[in-house]
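In our numbering, the protein residues as written are 182 to 402.
Have a look at this one:
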């Protein structure tokens, strides 16, 4: 999967999806993720009027959510480009099965985040992709929100936690670090990012990446 820039799932869901023949086939309605040492994108769901028309043309009920392997995503730029065409997609349209170890983005957004000791520290806001395709969590609420409010910020900053800082993904998301370690890392990251954050506050046209505060750029031991 080739990415022209780092991007969040909620931004991806606004992009038109184009098949290998250059035909727009809808947009992404949801993603599924799994965790095995790191957070991985596994499948995606297509939706939209163009996709519904296609399903009707091949006699598939539009109330079903066929899922497609993420490996068919070739490139993400101003649109999301697939390496397959609609005829090839047709062969997997009956697949609406999501394995037990996979979670929809819509499910992740409802999960609490706990530290290594089981203390709740926040929740998942979104999933973020770097240009190398690696997935991270955008986190907020609770402890994260308190840290931002303490310096007069709330909506201008996204905390990005690398997927390899997770230890467990289930009914909750568990981190490999304690709340204290998280607090120390946030304080350091915010201090380093402070000049850029001020630019975001004063100029909304500044690139989105400036408002992203990356935590644990080196994996904690």
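Beta carbons are placed, not taken as given, at the ideal position from N, Cα and C, and that holds for glycine.
| Query | Result |
| --- | --- |
| Is the beta carbon of residue 158 less than 8 angstroms from the beta carbon of residue 193? | Residue numbering for the chain in the displayed model covers 182 to 402; residue 158 lies beyond these limits and cannot be assessed. |
| What's the C-alpha gap between residue 396 and residue 182? | 24 angstroms |
| So, helix, strand or coil for residue 313, using DSSP? | coil |
| For residue 261, which of helix, strand or coil comes out of DSSP? | strand |
| Should residue 284 and residue 348 be called a contact, given that it needs their Cβ atoms to be closer than 8 angstroms? | no |
| Please confirm whether residue 300 and residue 290 have their CB atoms less than 8 angstroms apart. | no |
| Spatial neighbours of residue 253 within its chain, please: C-beta separation below 7 angstroms, excluding the five flanking residues on both sides. | 263, 264, 265 |
| Going by the DSSP bridge assignment, what does residue 343 pair with across the sheet? | 317 |
| Between residue 196 and residue 186, what straight-line distance do the alpha-carbon atoms span, to the nearest angstrom? | 14 angstroms |
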